[in-house]
Amino acid sequence: MTALDGSATRGRLRPADGPAARPGAAGGPARRRRPRHLAGWLFLLPMVAIFGCFGWWPIVRSLVLSFQTTNLVDPPEWVGLRNFATLLADPLLWTTVGNTVWFVLLALVFGFPLPILLAVVMSELRRLGGLFRVLVYLPVAVPPVVAVLMWKWFYDPDYGLFNQALGLIGLGPYPWLQDTATAMPSLVLEATWAAAGSTVLIYLAALTSVPAELYEAAEIDGASILRRVWHVTLPQLRGVLLIMLLLQIIGTFRVFTEPFVLTDGGPEDSTVTILLLIYRYAFINGDYGAAAALGVLLALALGVISAVYLRLTRNWSRT
Amino acid sequence: MSEDRTRGIVSSIDRRRATVRWPLRLTQGVLLLATVVVGLGPILWTLKGALSPTQDLLREPLRLWPSSVQWENLATAWTDLRVGHYLLNTVVLVAGSWLVQIVVAATGAYALSVLRPRFGTLVYGAVLATLFVPGTVSLVGLYLTVLDLSLTDQPWAVWLPAGAHAFNVLIMKQFFDGLPRELFQAAQVDGAGPIRLFWQIVMPMSRPILAVVSLLVVMDAWKEFLWPMVAISDADAQPLAVALPRLAETAEQNTVIAGMLVAIVPPLLLFLVFQRHIVRGISFTGLKG
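Note that the protein sequences, when read in sequence, are chains D and F. Here the first sequence is numbered in the UniProt record's numbering, starting from 1 and rising by one per residue. Here the second sequence is numbered in the UniProt record's numbering, starting from 1 and rising by one per residue.
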């Protein structure tokens with residue numbers, strides 16, 4: 001419709017629309033509605049082109065590719081569900097899924113309550129508020145790769161800061177990244193350090209919108225400070241907490257840089273995550289079809305998780 | 001910070017009680033110590049490591065001050081590890097990504113919010129839908145697309161996909177929606193066409209949002225790792241973040257840490273200088289993931 005609209009009127013529009021690019025010229029009032037549509041589409045063009053090529057098309061491409069096999073030279077070949085069969089037959093897949101879920105759960109345990117606690121405490125401090133905000137956000141400003149390389153030093157069993165410092169009080173040495181039991185928690189610790197700051201700032205902003213009257217009423221009713229946090233602050237933050245929880249789950253499912261740089265999936269595959277497996281399938285083995293299939297499965301899983309989560313919390317987040 | 005500001009959880013009556021005042025002060029002290037050690041500590045460690053002999057790192061990791069301050073590590077990293085070269089690559093990638101994202105978001109949001117062409121809402125819906133598809137899931141599809149367009153190993157492979165960032169469009173559109181309509185009508189009556197309206201009225205009024213979006217975009221682009229690594233396999237064209245893990249495996253460790261310092265300083269300065277805007281940006285965007 002609109003394309004027709006535009007081409008049909010283009011001849012007539014030129015004089016009014018073209019000069020409009022130069023200051024001081026414009027069409028008459030009667031012509032205003034149609035040029036607006038044409039100009040509207042012209043202004044939409046960069047966005048539609050970029051999203052078309054690099055947003056929507058790659059999603060379609062991934063979907064299609066998950067049913068194909070390609071060596072990037074010959075035209076892709078349809079293989080039905082064989083990519084999915086390859087994945088399911090890969091013993092590493094279930095290890096990977098288990099590892100990723102373990103990472104997500106640990107990240108929730110370490111990383112979800114901490115920013116809430118920090119934000120609530122920081123919002124009650126009368127002095128140095130700005131300084132605290134800067135200090136808390138500093139790790140977020142460090143590029144993730146650099147952060148990971150730093151922590152590689154900290155975790156070093158012989159020369160690492162952690163073992164050296166703990167050694168002073170007679171603890172350790174701990175293997176950190178070198179042991180299947182401690183490798184994943186070590187990654188989570190680093191990831192929490194790197195991500196907590198921006199969440200704290202979001203909560204701090206949300207805390208300012210809690211009405212003071214609620215605290216006053218609670219205080220008059222004799223509620224202690226901790227009870228005020230529990231019965232007023234947290235319920236008031238419910239909406240933002242629920243969203244941040246979902247975003248954190250989705251975000252941590254996609255962890256890549258930490259296992260890739262810190263452990264490369266080891267020791268004994270204990271830190272191979274889904275995205276790392278996708279990367280290996282595609283860019284190490286050259287099996288783009290299986291990589292795409294795993295990507296699609298991950299997207300589906302995240303979609304289901306989000307839908308269930310939003311459904312479960314729907315009543316809870318209102319009022 | 002002033003007394004008459006709206007109260008928080010703890011009231012001023014509470015604050016006068018010793019059972020509240022002292023624990024609060026203690027918490028403040030502990031929190032200050034903890035955030036300095038945890039937040040600032042690793043950055044200071046990098047600074048120290050970059051200026052130390054490698055021997056210090058191995059023999060006395062807990063040393064607070066280098067046994068001899070070696071400024072030449074930075075020079076060695078800059079020339080021998082070509083950190084300067086990789087840094088320039090990063091700057092070029094970040095600058096281009098910024099430009100593409102700002103142009104796409106500003107023109108797109110202007111069209112959707114002010115010009116409102118037919119089917120605009122449909123396009124907006126499709127743009128927002130990409131927010132719900134985890135970006136890394138279409139990684140392989142994006143790689144093959146870039147391959148089809150023969151963009152690999154070129155900066156375009158990072159610049160153009162950066163533009164498909166629905167979040168920028170969302171916040172820009174919300175800002176434009178809040179601008180007074182009467183102003184646009186007045187401008188149209190005065191004979192301003194869509195392009196003049198955009199360039200001379202909407203853009204100048206959008207400086208605050210442009211600043212916030214620019215800062216978030218630049219900070220994010222500086223952090224990119226997986227996509228630049230995949231899209232640019234030519235070692236010579238890689239950004240610093242992609243080159244560092246490779247260098248860390250072979251090069252002298254103190255110069256690698258000097259390279260890490262070089263990678264930290266620009267985003268850190270940007271944050272410290274513009275922290276008020278960034279804090280505002282993060283808090284009012286809320287769902288930044």
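All C-beta atoms in this analysis are idealised placements derived from N, C-alpha and C, irrespective of residue type, glycine included. Only a predicted model underlies this, so the values are computations on that prediction, with no experimental measurement involved.
What residue does the alpha helix (DSSP H) around residue i start on, and which one ends it?
i: VAL69/F; result: Looking at the DSSP string, VAL69/F is not in any alpha helix (DSSP H), and its letter there is neither H nor E.
i: ALA184/F; result: Contrary to the premise, residue 184/F reads as Phe rather than Ala in this sequence. Unbroken alpha helix (DSSP H) run through PHE184/F: 181 to 189.
i: PHE175/F; result: 166 to 177
i: ASP221/D; result: No alpha helix (DSSP H) contains ASP221/D, which DSSP labels as neither H nor E.
i: ASP220/F; result: 207 to 223
i: TYR281/D; result: First-last for TYR281/D: undefined, no H or E at that position.
i: ALA231/F; result: 226 to 231
i: PHE119/F; result: Where PHE119/F is concerned, there is no enclosing alpha helix (DSSP H), given that its DSSP letter is neither H nor E.
i: SER97/F; result: 83 to 110
i: LEU93/D; result: 91 to 111
i: THR46/F; result: 41 to 51
i: LEU262/D; result: Note, LEU262/D: premise wrong, no alpha helix (DSSP H); not H, not E.
i: PHE67/D; result: Looking at the DSSP string, PHE67/D is not in any alpha helix (DSSP H), and its letter there is neither H nor E.
One question on the structure: do residue i and residue j come within less than 8 angstroms of each other, judged by their Cβ atoms?
i: VAL255/D; j: ALA191/D; result: yes
i: VAL218/F; j: TRP98/F; result: yes
i: ALA221/F; j: ASN73/F; result: no
i: GLN178/D; j: PRO61/F; result: no
i: GLY197/D; j: TYR288/D; result: no
i: VAL169/F; j: ALA105/F; result: yes
i: LEU81/F; j: PRO228/F; result: no
i: residue 305/F; j: LEU58/F; result: For residue 305/F there is no data in the structure shown, the boundaries of chain F being 1 and 289.
i: THR144/D; j: ILE264/F; result: Here residue 144/D is Pro; the residue named in the question, Thr, does not match the sequence. No, Cβ-Cβ distance for PRO144/D and ILE264/F is not below 8 angstroms.
i: GLY84/F; j: ASN254/F; result: no
i: ALA164/F; j: GLY55/D; result: yes
Can you tell which of the options has the C-alpha that lies nearest to the C-alpha of residue i?
i: ILE243/D; options: VAL272/D, ALA307/D, MET184/D and PRO76/D; result: ALA307/D
i: LEU40/F; options: TRP193/D, GLY222/D, LEU234/D and LEU201/D; result: TRP193/D
i: ALA77/F; options: VAL158/F, MET260/F and THR152/F; result: MET260/F
i: PHE67/D; options: ALA290/D, ILE305/D, ASN315/D and VAL261/D; result: ALA290/D
i: LEU245/D; options: VAL232/D, LEU294/D, GLY111/D and ASN71/D; result: GLY111/D
i: VAL27/F; options: LEU276/D, ARG61/D and ARG127/D; result: Sequence inspection shows Thr at residue 27/F; the Val mentioned does not correspond to that position. It is ARG127/D.
i: TYR309/D; options: LEU247/D, LEU262/D, ASP264/D and LEU277/D; result: LEU247/D
i: PRO76/D; options: VAL123/F, PRO239/F and LEU144/F; result: LEU144/F
i: ALA47/F; options: TRP65/F, LEU112/F and LEU197/F; result: Before going on, a small fix: residue 47/F reads as Leu here, not Ala. The candidate whose alpha carbon is nearest that of LEU47/F is TRP65/F.
i: ILE305/D; options: VAL229/D, LEU168/D, VAL101/D and GLY167/D; result: VAL101/D
i: VAL64/D; options: ALA49/D, LEU42/D and ARG82/D; result: ARG82/D
i: PHE176/F; options: ILE43/F, GLY29/F, VAL242/F and ARG116/F; result: ARG116/F
i: TRP94/D; options: ILE169/D, LEU300/D and LEU294/D; result: LEU294/D
i: GLU224/F; options: ARG246/F, ALA211/F, VAL212/F and PRO239/F; result: PRO239/F
For residue i, go through chain F and note every residue whose CB falls closer than 8 angstroms to its CB, in chain order.
i: TRP41/D; result: ALA111 and PRO117
i: HIS92/D; result: As written in the sequence, residue 92/D is Leu, which differs from the His given in the question. By Cβ distance, chain F contributes nothing, its closest Cβ being about 18 angstroms from LEU92/D, past 8 angstroms.
i: TRP56/D; result: ALA126 and THR130
If the cut is a Cβ gap below 7 angstroms, which residues of chain D does residue i touch?
i: LYS223/F; result: PRO143 and PRO144
For residue i, return the contacting residues in chain D, with the cut-off set at a CB-CB distance below 9 angstroms.
i: THR27/F; result: VAL121, GLU124 and LEU125
i: LEU147/F; result: LEU72
Does residue i get closer than 8 angstroms to chain D when you measure Cβ to Cβ?
i: ILE209/F; result: no
i: TRP45/F; result: yes
i: PHE271/F; result: yes
i: ARG181/F; result: no
i: GLN70/F; result: no
i: ASP14/F; result: yes
When the cut-off is 8 angstroms and only beta carbons count, does residue i lie next to chain F?
i: SER198/D; result: yes
i: LEU242/D; result: no
i: LEU65/D; result: yes
i: TYR215/D; result: yes
i: ILE305/D; result: no
i: ILE59/D; result: yes
i: ARG311/D; result: no
i: TYR174/D; result: no
i: PRO23/D; result: Per-residue confidence for PRO23/D stands at a pLDDT of 40, beneath the threshold of 50, marking its modelled position as unreliable; the derived number appears in the next sentence. Yes - at least one Cβ of chain F is within 8 angstroms of the one on PRO23/D.
i: ARG314/D; result: no
i: HIS231/D; result: no
i: THR9/D; result: The predicted model places THR9/D with a pLDDT of 36, which falls under 50 and marks its position as unreliable; any figure quoted below should be read in that light. Not closer than 8 angstroms to any Cβ of chain F, the Cβ of THR9/D fails to qualify, so no.
i: VAL97/D; result: no
i: ALA30/D; result: Reliability of the predicted coordinates at ALA30/D is poor, the pLDDT of 43 falling under 50, and the value obtained from them is presented with this limitation in mind. No - not a single Cβ of chain F is within 8 angstroms of the one on ALA30/D.
i: GLN164/D; result: yes
i: LEU135/D; result: yes
At a CB-CB cut-off below 8 angstroms, which residues of chain D make contact with residue i?
i: MET172/F; result: Ordered by position in chain D, no residue passes the 8 angstroms Cβ test against MET172/F, which lies about 10 angstroms from the chain.
i: MET260/F; result: VAL146, LEU149 and MET150
i: ARG7/F; result: ALA212, TYR215 and GLU216
Give me the chain F residues within the contact set of residue i, using Cβ-Cβ distance strictly less than 7 angstroms, ordered along the chain.
i: GLU219/D; result: SER11
i: ALA292/D; result: VAL140 and GLY141
Applying a beta-carbon distance threshold of less than 9 angstroms, which residues of chain F neighbour residue i?
i: TRP191/D; result: Note that residue 191/D corresponds to Ala in the displayed sequence, not to Trp. Those do not exist, as ALA191/D stays about 13 angstroms from chain F at its closest Cβ, beyond 9 angstroms.
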